[in-house]
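Chains A and B are the protein sequences, given in the same order. Okay, so the first sequence: first residue is 5 according to our numbering, each after it adds one. Okay, so the second sequence: first residue is 20 according to our numbering, each after it adds one. Here's the structure we're looking at; comments come further down.
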Amino acid sequence: MYPSIICPTEGPDKKDDMQFDRAKSEGKELTKEEKQRLRKEKKQQKKNKEKKDDKASQESEKEKKPLGSAAPASQPPTQSTTQKAPSAVPAPAPVSVPASEAPVLADKPAKSKAELKAERRARQEAERASKQGKKGETGQQAATSKPKAPPNELQPVVKRLPEHIQVDNPDVLKKLAKKLERQQIPLRMDYGYKVSLFSHLHQYSRKAPLTQQVSIPSTVIHPAVVRLGLQYSQGIVTGSNARSVALLHAFKQVIRDYTTPPNEELSRDLVNKLKPYISFLNQCRPLSASMGNAIKYIKKEISNIPSQCKEEEAKSKLLNCIECYINEKIILAAKAIAKSAIEKISDGDVILIYGCSSLVNHILCEAFEKSRKFRVIVVDSRPRLEGREALRRLVQKGISCTYVLISAVSYVLPEVSKVFLGAHALLANGYVMSRVGTSQIALVAKAFNVPVLVCCETYKFCERVQTDSFVSNELDDPDDLIVTRKGKTHLKDWQEVPSLGLLNLVYDVTPPDFVDLVITDLGLGMIPCTSVPVVLRVKNVDQ
Amino acid sequence: MNEEELVEYFRDQMRKDPDMASAVAAIRTLLEFLKRDKGETLLGLRESLTSATTCLTGVDSSVAVSSGGELFLRFISLTSLEHQDLSRCKKVMEERGELFLEKISMSRAKVAKLCHTFIKDGAKILTHSYSRVVLRVLEKAAGEKKRFSVYVTESQPDAAGYVLEKVDLVIVGAEGVVESGGIINKIGTYQMALCSKAHNKPFYVVAESFKFVRLYPLNQQDVPDKFKYKADTLKTVENFSEEHPVIDYTPPSLITLLFTDLGVLTPSAVSDELIKLYL
């Protein structure tokens, strides 16, 4: 039998040898894959060792010496050293990592990917070793499998970042270009100089819509989707509810015109057909959170279609599902929210709203019809000036309104009794993502002790977590900020000034301390902002 | 059982055991009402129970009575009543009602058990008005051989600010716990909470879980009138703006922790519990 003493002079390599021998001694044959993996592992570690050798060879040697010296023949110290060995394994060059962190930082990103890969592989090896060991020996394996748990817990889960916030990373862009090429969708080029804080996001120009690069009639993309993409990129369809509903209607048209090709299953083929459409729409204008949830729902419904279902039946079922989704999550939800919200509107109220939210407008119109006496202050901001649309809708109903720009908000707030805000999405940590300027209004309202109420349907609750507005946002066309006043257009030639950048942000993120109440549907009515993750959890359990 | 009998039974229960919370008495009354009810349909039963609760709130307009009644109704009708026979359904509901009553009579003991560990030896405590739950907590802490001194203020808390610098922590009871995590309690509590926040002293609330109510006030004005004034005032006076309210609302930002029989909660966790109870 293999001796139970381990001399961890070179921790990882020795461990691999151990595994090799252990497996052999148990009479198991290592498969080709395992052999390859082990070989790769050794190569990787040797490479890493070489890199670190010229930087911190002395230090690593010094630190490795005490490890080696702490390996007497008795059991407990071997256990502790075996503990050290596997815990060192996840970091490929075990002890020299702290030494190597001190020098050049430029090396770190390149190394980190390799490190992470090696870590993952090492973890897999450790897990496999412990599995093999469970069937064979006890003492050693117990020692290795016990400390395996803590290092694994300490390893951060490496999550992939979505590509649309990694625009300054050329590898990601290359991958995206390849993917779009495969799906036969043109790649949209970024436009203009980007402010450095936001250089990781796309910035497109409205004058160059993607549809100019698509041949009409397009063979790859359904015309309804092309039309939708144009409507999004030109700003004809705006607002998260409107965009989601338009998306679902376009997909209904796609499903109606769809025929299953021979030898294919509808449930799989239709999902694959939808993927290029979604990429196309994403290129025209980045998808909103509500659209993302709607697409997830459709994909789930499509893949749940049983294979023996006939095509006509399947199509009508899907169309029905989409109708139900629109009805339940958007139309009926608006009614439920209006019912709860009207309780909070009392006679004599002065309500402040910002921009144009279809839900908030609906609530105010309903409240007015139920003969509540209130007046509204509409706050607006450049360059979108969406408040004018809201103003138009409210005045049509006969509600008395005041119109101010966002710069006058602190002047007008002392007379306001409540602030109603719409939301683009509610994030899993309770933050509210909404049109840029919302967070400003919430902050000033908090300073004046005015309650802030956010109205949001549950289908806009998303699993993302964000604490600031930089990480993930949308940059709109910077030329929108150019304005002509008294015949002079000052910013016309902004591209020629090298130190000038125009920034046209679309969204911002409001922390939950500024929001007093969230009114939502699904029978929940009024919840505090901090309960959004609870709702997400309950919803996931239901589904 | 008509209205008068209902009110009489309720008053009787309150008189018999003055240590009992008014909400518990209300729930006992509702259980008795259920037993004596001669209705034929479940829907009719539910309606009559709701009207009985409204009637009882007419007698004692505390928040706890209405919340307790609503929770009682919710608890007994939570099971799917698949029995065809109405009398068997009623039997199941009665059993559940008894179970509910048993649970909430244990709740004060549970709260006391959770809270007394937060009272350290030699602590100085400030409390407000008369709360039986706080009393239970202090008794238990004293039973654990801890030495502490208590300052009590009346609803004329002139001395709250003065005394707060000597005090280590503040414990109050609650008449109702609202969805935001704030509490409704005897008037003067809000002031005390503000002062303790300014002095950075922890502000603890002890409340049983049947006091959780589905209200969400945004500010003092937003608390419904039916809770703000005593039941007799509600019946006699027309113009409420001239009346002195008996309760006030303390927002969750001023509360450190809530001790309930569901555990020790932060104000934001109250909404989670309510969602679990009602969803």
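We put the beta carbon where it would ideally sit given N, CA and C, even for glycine.
Fill in: For B:TYR209, the three-state DSSP class (helix, strand or coil)
Reading the second sequence from its first residue, position 190 is the one you call residue 209 of chain B. In the three-state scheme derived from DSSP, where H, G and I count as helix and E and B as strand, B:TYR209 is classed as helix.
Item to complete: Please state whether DSSP places B:TYR268 in a helix, a strand or coil.
Response: As a working note, residue 268 of chain B is residue 249 in the second sequence. In this structure, B:TYR268 counts as strand in the three-state DSSP scheme.
Fill in: Spatial distance of A:VAL542 from A:LEU528 (CA atoms)
On the first sequence, residue 542 of chain A is found 538 positions in, with the first residue counted as 1. On the first sequence, residue 528 of chain A is found 524 positions in, with the first residue counted as 1. Between A:VAL542 and A:LEU528, the C-alpha separation is close to 11 Å.
Discussion item. Taking the alpha-carbon of A:TYR281 as reference, which of A:LEU232, A:LEU507 and A:GLN312 has the nearest alpha-carbon?
Written reply: Within the first sequence, residue 281 of chain A is the residue found at index 277, counting from 1. Among A:LEU232, A:LEU507 and A:GLN312, the Cα nearest to that of A:TYR281 is on A:LEU232.
Fill in: Length of the line joining the Cα atoms of A:LEU430 and A:ASP472
Taking the first sequence and counting its residues from 1, the one referred to as residue 430 of chain A is at position 426. Taking the first sequence and counting its residues from 1, the one referred to as residue 472 of chain A is at position 468. Spanning the two alpha carbons is a distance of roughly 13 Å.
Worksheet item: If you measure from the beta carbon of A:ASP520 to each beta carbon in chain B, is any gap under 9 Å?
Response: Against the first sequence, residue 520 of chain A aligns to sequence position 516. The beta carbon of A:ASP520 sits closer than 9 Å to some beta carbon of chain B.
Item to complete: Give, in chain order, every residue of the stretch 182 to 206 of chain B whose Cβ lies closer than 8 Å to some Cβ of chain A.
Response: For the stretch 182 to 206 of chain B, which is checked against every Cβ of chain A, the residues closer than 8 Å are GLU198, SER199 and GLY200.
Worksheet item: Can you list the residues of chain B that A:THR534 reaches, using a CB-CB cut of under 8 Å?
Response: Counted from its first residue, the first sequence places residue 534 of chain A at position 530. Those within 8 Å of A:THR534 in chain B are SER287 and SER290.
Worksheet item: What distance in whole Å lies between the Cβ atoms of B:ALA83 and B:GLU194, which are believed to be in contact at a cut-off of 8 Å?
Response: For the purposes of this step, residue 194 of chain B is taken as residue 175 along the second sequence, with counting starting at 1. For the purposes of this step, residue 83 of chain B is taken as residue 64 along the second sequence, with counting starting at 1. The C-beta distance from B:GLU194 to B:ALA83 rounds to 5 Å, short enough to meet the 8 Å contact threshold.
Item to complete: Please list the partners that B:TYR235 has in chain A, where partner means a Cβ-to-Cβ separation under 7 Å.
Response: Here the question's residue 235 of chain B lines up with position 216 in the second sequence. In chain order: LEU521 and MET530.
Worksheet entry | A:THR524, DSSP secondary structure in three states | Within the first sequence, the letter at position 520 stands for residue 524 of chain A. Reduced to three states, the DSSP call for A:THR524 is strand.
Fill in: Presumed contact (8 Å Cβ cut-off) between A:HIS428 and A:SER292, rounded CB distance
Within the first sequence, residue 428 of chain A is the residue found at index 424, counting from 1. Within the first sequence, residue 292 of chain A is the residue found at index 288, counting from 1. 6 Å between Cβ atoms; contact.
Discussion item. Between B:PRO271 and chain A, is the shortest Cβ-Cβ distance under 9 Å, so that the two count as touching?
Written reply: As a first step, residue 271 of chain B is located in the second sequence; it is residue number 252 there, counting from the start. For B:PRO271, the answer is yes, since a Cβ of chain A falls inside 9 Å of its Cβ.
Discussion item. I'd like to know whether the C-beta of A:LEU232 is nearer than 9 Å to at least one C-beta of chain B.
Written reply: Taking the first sequence and counting its residues from 1, the one referred to as residue 232 of chain A is at position 228. Any Cβ of chain B closer than 9 Å to the Cβ of A:LEU232 would place that residue at the interface, and such an atom is absent.
Discussion item. Under 8 Å: do the stretch 108 to 120 of chain B and the stretch 66 to 73 of chain B share three or more Cβ pairs, one atom per stretch?
Written reply: Too few Cβ pairs lie closer than 8 Å, so no.
Worksheet item: How would you list, in chain order, the residues of chain A whose beta-carbon sits under 7 Å from the beta-carbon of B:GLU219?
Response: Taking the second sequence and counting its residues from 1, the one referred to as residue 219 of chain B is at position 200. Note on residue identity: the sequence assigns Asn, not Glu, to residue 219 of chain B. Correct list: empty, because the minimum Cβ distance to chain A is about 18 Å.
Worksheet item: So what's A:THR406 in DSSP terms, helix, strand or just coil?
Response: Residue 406 of chain A sits at position 402 when you count from the first residue of the first sequence. A:THR406 falls in the strand class under three-state DSSP.
Worksheet item: the stretch 378 to 411 of chain A: which residues have C-beta closer than 7 Å to a C-beta of chain B, in chain order?
Response: Contact annotation: in the stretch 378 to 411 of chain A, no residue has its CB less than 7 Å from a CB in chain B.
Discussion item. Give me, in chain order, the residues of the same chain whose beta-carbon lies closer than 6 Å to that of A:LEU521; leave out the 5 immediate sequence neighbours on both sides.
Written reply: Position 517 of the first sequence, counted from the start, is the residue given in the question as residue 521 of chain A. LEU457 and MET530, listed in sequence order.
Fill in: One or two residues paired with A:THR493 in a DSSP bridge
Position 489 of the first sequence, counted from the start, is the residue given in the question as residue 493 of chain A. For A:THR493, which the question treats as bridged, DSSP gives the partners A:THR488.
Practice prompt. Classify B:ILE144 as buried or exposed, calling it buried when 16 or more other Cβ atoms lie within 10 Å of its own Cβ.
Written response: Counting from one through the second sequence, the residue named residue 144 of chain B turns up at place 125. Buried, since its Cβ has 16 or more Cβ neighbours within 10 Å.
Worksheet entry | Under 9 Å from the C-beta of A:PRO455: neighbouring residues of chain B | Here residue 455 of chain A refers to the residue found at position 451 of the first sequence. Going along chain B in sequence order, the residues near A:PRO455 (Cβ under 9 Å) are LEU237, ASN238 and ASP241.
Worksheet item: Is A:ALA153 helix, strand or coil when you go by DSSP?
Response: Residue numbering aside, residue 153 of chain A sits at position 149 when the first sequence is read from its first letter. Model confidence at A:ALA153 stands at a pLDDT of 42, short of 50, so the residue's coordinates are unreliable and nothing is read from them.
Worksheet entry | C-beta atoms of B:GLU262 and B:THR279 nearer than 9 Å | Here residue 262 of chain B is taken as the residue at index 243 of the second sequence, counted from 1. Here residue 279 of chain B is taken as the residue at index 260 of the second sequence, counted from 1. Result no, Cβ atoms of B:GLU262 and B:THR279 do not sit closer than 9 Å.
Worksheet item: Do the stretch 499 to 514 of chain A and the stretch 198 to 216 of chain A make contact, defined as three or more Cβ pairs closer than 8 Å?
Response: Verdict: yes, contact present.
Practice prompt. Return the CA-CA distance between B:TYR28 and B:ILE206, expressed in angstroms with no decimal places.
Written response: Looking up residue 28 of chain B in the second sequence gives position 9. Looking up residue 206 of chain B in the second sequence gives position 187. Put simply, the backbone Cα of B:TYR28 is about 29 Å away from that of B:ILE206.
Worksheet item: Taking one C-beta from the stretch 182 to 201 of chain A and one from the stretch 452 to 470 of chain A each time, how about it: are there three or more such pairs within less than 8 Å?
Response: The stretch 182 to 201 of chain A is not in contact with the stretch 452 to 470 of chain A.
Fill in: Contact under 9 Å by Cβ, B:ILE46 with B:ILE138
On the second sequence, position 27 is the one that residue 46 of chain B refers to. On the second sequence, position 119 is the one that residue 138 of chain B refers to. Result no, Cβ atoms of B:ILE46 and B:ILE138 do not sit closer than 9 Å.
Worksheet item: A:ILE445: beta carbon under 8 Å from a heavy atom of the ligand FMN?
Response: The ligand FMN is absent from the structure shown, which contains no ligand whatsoever.
Discussion item. Check for me: the beta strand (DSSP E) holding A:CYS533 runs from which residue to which?
Written reply: For the purposes of this step, residue 533 of chain A is taken as residue 529 along the first sequence, with counting starting at 1. Note, A:CYS533: premise wrong, no beta strand (DSSP E); not H, not E.
Fill in: the stretch 233 to 250 of chain B in contact with the stretch 50 to 63 of chain B per 3-pair CB rule at 8 Å
Three or more Cβ pairs closer than 8 Å define a contact, and the stretch 233 to 250 of chain B falls short of that threshold against the stretch 50 to 63 of chain B.
Worksheet item: Around the Cβ of B:PHE21, are there at least 16 other Cβ atoms within 10 angstroms (buried) or fewer (exposed)?
Response: Locating residue 21 of chain B in the second sequence gives position 2, counting from the first residue. Here the sequence assigns Asn to residue 21 of chain B, which means Phe is not the residue at that position. Around the Cβ of B:ASN21, a 10 Å sphere holds fewer than 16 other Cβ atoms; the residue is exposed.
Fill in: Reduced DSSP secondary structure (H/G/I, E/B, other) of B:LEU183
Translated into the one-based positions of the second sequence, residue 183 of chain B becomes position 164. DSSP places B:LEU183 in coil when its eight states are reduced to three.
Worksheet item: Quick one: which chain B residues come within Cβ less than 9 Å of A:VAL258?
Response: The count along the first sequence starts at 1 and reaches residue 258 of chain A at position 254. Near A:VAL258 there are no residues of chain B at all, since even the closest Cβ is about 36 Å away, more than 9 Å.
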